[in-house]
Amino acid sequence: EDQVTQSPEALRLQEGESSSLNCSYTVSGLRGLFWYRQDPGKGPEFLFTLYSAGEEKEKERLKATLTKKESFLHITAPKPEDSATYLCAVQAYSGTYKYIFGTGTRLKVLA
Amino acid sequence: DGGITQSPKYLFRKEGQNVTLSCEQNLNHDAMYWYRQDPGQGLRLIYYSQIVNDFQKGDIAEGYSVSREKKESFPLTVTSAQKNPTAFYLCATTTSAISEQYFGPGTRLTVT
């Protein structure tokens with residue numbers, strides 16, 4: 001069964017304390033892996049797309065990496081404004097394209 | 112100013128009433144999706160449409176209906192047959208079959 005698991009469920013960091021969020025997946029026919037940021041009461045905001053193992057993408061304090069079984073979202077020297085829920089999703093193909101979402105990691109960065 | 116709009120932001124209904132959620136986009140994207148988000152669960156797909164006048168059921172389509180008469184619009188009706196309709200509803204679009212999704216701001220539906 002296609003599945004996406006994110007860990008930890010919640011994470012509290014001090015401002016400047018770097019860490020990583022994990023997204024592990026088991027899917028057949030992976031086409032892409034996506035990271036989103038979601039603020040409370042709002043729609044997810046697209047961050048990165050990764051297509052193949054070894055690929056990396058960066059944006060400000062965020063860096064996403066991909067292996068054959070998991071992806072990491074590294075947050076370097078986070079700031080309070082980085083507090084949000086980070087969602088991981090994969091796109092798989094099994095006769096039709098479908099997106100499978102993880103349940104997210106709630107990140108809180110304390111000043 | 113391109114984007115996806117959903118209205119209303121908050122919606123309150125009595126049990127037994129049908130309600131329609133609006134999703135409009137001016138990104139010229141072909142594919143549109145409706146998701147439901149509940150606390151502690153990943154986004155679950157309700158319906159999707161790849162082209163005008165065609166749509167497919169997602170994983171939790173029971174109690175919902177959609178139409179796609181225009182490329183820009185993909186309204187979702189939550190019917191009285193939906194057992195637990197209170198949730199946050201998200202509309203999304205994609206540029207192509209293999210692509211990231213872009214989401215609207217969401218509609219929070221409360222049914223009492």
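In order, the protein sequence lines correspond to chains A and B.
Throughout the first sequence, residue numbering follows this note's numbering, covering 1 to 111 in sequence.
Throughout the second sequence, residue numbering follows this note's numbering, covering 112 to 223 in sequence.
Note that beta-carbon positions come from the ideal geometry of N, C-alpha and C, so glycine has one too.
Practice item. Give the interface partners of tyrosine 42 of chain A over in chain B, defined as CB-CB distance under 7 Å, in chain order. Key: The residue asked about is misnamed: residue 42 of chain A is lysine in this sequence, not tyrosine. Here the neighbours are Pro216 and Gly217.
Practice item. Measuring alpha carbon to alpha carbon, tell me which of B:Tyr146, B:Gln161, B:Gly215 and B:Asp141 ends up nearest valine 189 of chain B. Key: B:Tyr146
Review point. So which of A:Lys79, A:Ala84, A:Thr76 and A:Thr26 has the shortest CA-CA distance to glycine 43 of chain A?
Key: A:Ala84
Exercise for review: Compute the distance between the beta-carbons of cysteine 134 of chain B and glutamine 117 of chain B, then report whether it is under 8 Å.
Suggested key: yes
Check your understanding: Are the C-beta atoms of glycine 151 of chain B and some chain A residue less than 8 Å apart?
Key -> yes
Point to revise | isoleucine 209 of chain B at chain A interface by Cβ criterion, 8 Å | key: yes
Check your understanding: How big is the Cα-Cα spacing for arginine 106 of chain A and proline 78 of chain A?
Key -> 14 Å
Check your understanding: glutamate 81 of chain A by DSSP, collapsed to three states: which one?
Key -> helix
Practice item. Could you please give me the residues that DSSP links to alanine 198 of chain B through a beta bridge? Key: B:Leu220
Check your understanding: Looking only at C-alpha atoms, which of A:Lys108, A:Pro40 and A:Phe72 sits nearest to alanine 89 of chain A?
Key -> A:Phe72
Check your understanding: Can you tell me the Cα-Cα spacing of serine 184 of chain B and glutamine 3 of chain A, whole angstroms?
Key -> 30 Å
Practice item. Output yes if chain A places a C-beta closer than 8 Å to the C-beta of tyrosine 158 of chain B; else output no. Key: no
Check your understanding: Residues in its own chain within less than 8 Å of glutamine 38 of chain A by CB, not counting five upstream and five downstream?
Key -> Pro44, Glu45, Ala84, Thr85, Tyr86, Leu87 and Gly104
Check your understanding: Exposed or buried, which one is alanine 192 of chain B when buried takes at least 16 other CB atoms within 10 Å?
Key -> exposed
Practice item. Could you check if threonine 205 of chain B is buried or exposed, using at least 16 other CB atoms within 10 Å of its CB as the buried criterion? Key: buried
**Study point:** Cα-Cα separation, glutamate 180 of chain B to isoleucine 162 of chain B
**Key:** 10 Å
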